[in-house]
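Structure record follows, encoded as structure tokens.
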Amino acid sequence: MIKIPIRHRFPNHLLDAIINIIFFVFAISCACLFLLILLFLIKETWPILAGNDVVSLPSLFKSDGWYPLEGLFGLNPMILASLAVTLGAIILALPIGVASALFIQFYSSPKVAMFYRVLLNLLTGIPSVVFGLWGLTELVPLIASYQPPGASLLAAILVLSLMITPTIALTSTAALSAVPTEIMLGAQALGLSKKTQLLSVVVPAAKAGIIGGTLLATARALGETMAVMMVAGNVVQNPSGLFEPVRVLTANIALEMAYAMEGHRASLFASGLLLTLIVWLLVYLAQRVQQTSIRGIRS
Amino acid sequence: MTLKTPIYTLGQIELAQPCCDPIPHLQIKNLSVSYGLNTVLENVSLDIHKGCITALIGPSGCGKTSFLSTLNKLSDLSFGAQISGQIIFEGRDLVNGPVNVINLRRRIGMIFQKPNPFPLSIRRNLDLPLKEHGVKNKKLRLQKIERALKDVGLWDEVVDRLDSSALALSGGQQQRLCIARALVLEPEILLMDEPCSALDPISSAVVEEMIVKLREKYTVVIVTHNLAQAKRVANYAAFFWMTERVGKLIEFGKCQQLFEQPGHELTAAYIAGTKG
Amino acid sequence: MSDRIFALVVQACAALVVAIMIWVLADVVIKGLAHISWEFIFTEPQNAGRSGGIAPILVSTLLILLVAIIVALPLGLAVAVWLSEFARQGSHSAQQIGITLDVLAGIPSIVYGLFGNAFFSLYLGLGFSILSGGLTLACMILPVFIRTCQSGLNAVNNDWRRGALALGMSRASATWHILLPAASPAIIAGIILGIGRATAETAALIFTSGYVDRMPESLLDSGRALSVHIYDLSMNITGGDGAAYASALVLISLIILLNTLAQTFFDRWFSKRISTI
């Protein structure tokens with residue numbers, strides 16, 4: 492046989508080195524996107540942070556109220572409203588989400604579970620503006636018929652919990668399915684009832700995954716704009732009752748950005764910066780929780 | 047039980063000069079491998095002779111596979127691998143010197159324990175590496191593919207389905223395809239990591255028969271747990287053992303000698319089956 | 098609480114979610130169908146959207162989406178490939194980049210809107226335009242897309258990776274010819290996720306691509322996205338509910354249609370290069 496020398500036209504290892512560098516630059520620039528976002532939020536908030544303007548940083552958190560025309564930019568009512576809406580949504584969505592996950596894992600046939608999961612996935616794909624539209628035309632009149640005005644903290648909580656339930660349900664399902672079967676068998680061997688098995692053995696074993704998913708859902712709830720804005724009534728006031736209208740931070744940005752100038756605009760960007768920092772914290776916590784759970788399983 | 051004997055026909059691998067002048071093809075000097083703080087292999091020195099089959103034997107976990115993958119620098123992929131010592135190939139040191147790994151791996155082929163054909167068609171499994179190494183002429187590539195498939199005795203079995211997926215082949219066929227894929231690049235050295243351990247006995251026998259034929263033309267380094275196999279195919283054998291969780295080379299020599307007059311009590315015990 | 102009651106509660110929760118889901122979807126379909134027609138899809142809006150159609154809005158939506166996908170898809174794929182194939186295992190910078198991507202994925206869309214307004218519209222001078230809207234959306238969908246592709250690549254059989262490199266293939270061609278096609282289900286899932294989020298997005302677009310509901314003439318024109326249109330009709334226009342529901346029905350159908358198209362197109366494209374049966 493004639494041996495034909497195999498020759499490289501273009502040195503492939505060089506190709507690899509070049510692609511490595513180019514893709515690395517892409518990766519770094521994606522990470523720098525975060526810095527860029529922070530940078531521009533800070534740049535726009537600068538008049539407040541530097542404190543040389545009418546608006547100062549502490550005044551954002553004083554309870555003078557939000558009267559942009561008079562130069563009063565107290566964010567407190569909005570911050571409280573955001574927290575109330577998020578907390579309410581989590582309180583509602585967490586049990587329903589975990590119950591849904593238990594349903595998928597332990598109380599349904601594979602076919603039904605499959606169908607239910609597809610449904611949950613579909614639910615995560617529905618645009619938030621559609622949820623808002625539904626809340627505005629169906630839910631708000633319903634609440635108003637009980638106690639006007641209808642557009643209220645309660646409406647926001649209900650719509651938001653509907654939006655984050657699928658997220659909690661899907662992450663909890665993943666966490667439950669990762670629980671080793673031996674734990675389940677051990678509980679069965681002790682003769683515990685199915686309810687006790689699940690609530691005091693299986694769910695605690697999947698705790699880290701469920702908490703991680705819930706933290707991410709919290710981030711999403713806090714950041715949700717459209718659906719909440721469309722049903723919450725948007726009156727700037729401290730949340731005092733379930734049937735009172737409120738305005739959340741995100742809605743405040745969306746409602747006033749169009750005509751905000753100078754200090755007004757800066758205070759809107761400040762609330763954006765605040766949201767970003769909170770989300771950063773939540774993601775960090777979620778990762779910590781999940782890492783400790785991985786270590787726990789390994790040890 | 048009667049076996050239908052000629053199930054496979056292996057092609058005529060072209061004969062080179064009769065085997066085994068002790069000319070070193072690879073010289074390994076004081077090679078140590080560690081992953082992070084874990085030393086898996088310490089101070090291994092041996093010569094791999096040209097045109098011979100060298101078998102690496104020993105219990106699992108004693109660093110044979112790590113040793114093998116340093117020879118084509120595939121150990122670079124492993125997380126935190128540190129290698130010290132020397133591997134001399136054509137007067138150049140593979141460990142410390144600058145090496146074009148792509149060319150190196152073309153010349154030093156590797157067969158894995160589990161057959162790993164790509165999820166492509168049978169033809170493309172062989173075509174892709176050839177194209178990758180710059181064989182532009184399509185007719186030439188086809189010739190080389192046919193030749194490699196004939197060499198491993200796969201041609202007649204797959205000639206009518208070259209364009210169907212390689213994953214549809216049986217385990218033995220997949221492994222022979224992987225060997226053909228390595229041979230099509232005309233390497234000089236073949237590294238084999240327990241190539242028969244995942245196969246059924248009949249396929250295993252065929253692959254073994256093929257390895258013996260490779261001896262004429264290629265330098266082969268084979269890791270095996272099967273002592274009988276090592277005895278049947280190898281010219282040289284290296285015995286690895288683990289002391290205090292660190293792999294070490296205990297004995298290296300002519301295969302027959304190592305099996306019949308082992309120079310170390312550990313070797314003798316391992317061969318007799320009382321240890322490991 | 099006995100076992101049976103607990104089982105009933107769990108099943109009731111599941112049933113509740115299904116019931117509300119059906120309520121939302123049925124609401125959109127029934128009220129949407131009452132107002133929708135071919136004319137609605139192919140004519141310009143009149144009377145602030147109360148009558149007429151949504152033709153220019155559909156065009157703007159698709160253009161914004163196109164910009165976002167064209168930017169995010171290749172860039173995201175490249176980053177995912179770097180993170181899983183080129184970065185050294187356990188590399189510090191790869192880890193940091195991954196964590197940053199997770200934070201980026203959690204940032205609220207309204208904040209992306211603020212950033213897009215400050216950076217693309219004002220700083221880069223793109224104004225309220227389809228281009229700044231699309232670029233903002235690209236930033237928004239990038240992190241999730243990268244993470245999905247990366248986990249797909251990580252899940253690819255490592256034997257193929259080792260096999261390809263042992264044959265002296267470059268990492269680049271091992272990735273292109275073998276690993277990416279093998280990871281195609283995850284990549285397609287990432288694309289679908291990205292398209293879904295970009296099409297559904299409202300808050301990030303209000304201050305970047307704007308409100309204008311005329312037919313856009315170039316990428317530098319302002320264009321109103323379908324979701325912004327729904328918001329505007331339901332909140333600011335009295336008597337716009339019918340059109341809002343019809344637009345919502347179009348929006349959901351559009352998402353389903355784009356998902357199906359993406360699935361078949363990329364399935365074909367990848368299966369040309371890989372055969373498993």
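Sequences listed follow chains C, R and X, in order. The first sequence maps to residues 492 to 790 in the working numbering. The second sequence maps to residues 47 to 322 in the working numbering. The third sequence maps to residues 98 to 374 in the working numbering. C-beta: ideal position from N, C-alpha, C; glycine also.
For chain X, is any of its Cβ atoms less than 8 Å away from the one on residue i?
i: V780(C); result: no
i: N84(R); result: no
i: M288(R); result: no
i: P618(C); result: yes
i: M156(R); result: yes
i: A635(C); result: no
i: L200(R); result: no
i: D507(C); result: yes
i: K602(C); result: no
i: E753(C); result: no
i: H179(R); result: yes
i: K367(R); result: Since the first residue shown for chain R is 47 and the last is 322, residue 367(R) is missing from the structure and cannot be characterised.
i: I655(C); result: no
i: S684(C); result: yes
i: N729(C); result: no
i: G714(C); result: yes
i: F164(R); result: yes
i: T452(C); result: The structure shown does not extend to residue 452(C), since chain C is modelled only from 492 through 790, so no value can be given for it.
i: A665(C); result: no
i: Y558(C); result: no
i: K160(R); result: yes
i: E673(C); result: no
For residue i, count neighbouring C-beta atoms within 10 Å of its own C-beta (all shown protein chains included) and say buried if the count is 16 or more, exposed if not.
i: W135(X); result: exposed
i: Y637(C); result: exposed
i: R101(X); result: exposed
i: H189(X); result: exposed
i: W366(X); result: exposed
i: C523(C); result: exposed
i: N255(X); result: exposed
i: V205(R); result: exposed
i: Q221(R); result: buried
i: D555(C); result: exposed
i: N333(X); result: exposed
i: K369(X); result: exposed
i: S790(C); result: Residue confidence for S790(C) is low, a pLDDT of 43 falling below 50, so the modelled location carries little weight; the figure read from the coordinates is stated next. Counting Cβ neighbours within 10 Å, S790(C) comes out exposed, since fewer than 16 surround it.
i: T705(C); result: buried
i: A791(C); result: This structure leaves residue 791(C) out entirely; chain C is present only between 492 and 790.
i: F552(C); result: exposed
i: D173(R); result: buried
i: E306(R); result: exposed
Establish whether the CB of residue i and some CB of chain R are separated by less than 8 Å.
i: D256(X); result: yes
i: I371(X); result: yes
Between residue i and chain C, is any beta-carbon pair separated by less than 8 Å?
i: D310(X); result: no
i: M237(X); result: no
i: A152(X); result: no
What residues from the region 258–269 of chain X come within 9 Å of chain R, judged by C-beta to C-beta, listed N to C?
R258, R259, G260, A261, L262, A263, L264, G265, M266 and S267
Touching by the beta-carbon criterion (3+ pairs, under 8 Å), the region 241–260 of chain R and the region 170–189 of chain R:
no
For the region 268–301 of chain X, which residues have a beta carbon sitting closer than 7 Å to at least one beta carbon of chain C?
Answer in chain order: R268, A269, G293, A297, T299 and A300.
In chain order, what are the residue ranges of uninterrupted alpha helix (DSSP H) at least 4 long that sit wholly in the region 493–581 of chain C?
503–541 and 548–551
Between the region 172–196 of chain X and chain R, which residues of the former have a C-beta closer than 9 Å to a C-beta of the latter?
R185, Q186 and G187
Quick one, which residues of the region 693–704 of chain C are near chain X if we go by CB-CB under 9 Å, in chain order?
none
Below 8 Å, how does it come out for the region 609–618 of chain C and the region 652–671 of chain C: are there three or more Cβ pairs, yes or no?
yes
In chain order, each alpha helix (DSSP H) run of at least 4 residues that lies wholly inside the region 165–217 of chain X:
189–203 and 206–213
Scan the region 99–154 of chain X and note each continuous alpha helix (DSSP H) run of 4 residues or more that stays entirely inside, going in chain order.
100–132 and 135–139
Would the region 640–651 of chain C and the region 576–588 of chain C be scored as touching if the rule is three or more Cβ pairs under 8 Å?
Yes, the region 640–651 of chain C is in contact with the region 576–588 of chain C.
If you measure beta-carbon to beta-carbon, which residues of the region 124–139 of chain R are closer than 8 Å to chain X?
S124, F125 and G126
Runs of 4 residues minimum, wholly inside the region 236–305 of chain X: which ones carry the alpha helix (DSSP H) assignment?
Counting only runs of 4 or more, we get 255–263, 268–271, 281–297 and 300–303.
Below 8 Å, how does it come out for the region 215–228 of chain X and the region 319–334 of chain X: are there three or more Cβ pairs, yes or no?
yes
Whole beta strand (DSSP E) elements within the region 68–149 of chain R, 3-residue minimum:
70–81, 84–95, 99–103 and 127–135
With a floor of 4 residues, list each alpha helix (DSSP H) that falls wholly inside the region 216–296 of chain R, ordered by position along the chain.
217–229, 247–260 and 273–279
Closer than 8 Å is the cut-off here; do at least three beta carbon pairs connect the region 685–698 of chain C with the region 730–738 of chain C?
no
Please give the ranges of any alpha helix (DSSP H) in the region 675–738 of chain C, keeping only runs that are unbroken, at least 4 residues long and fully inside the region.
698–714 and 717–722
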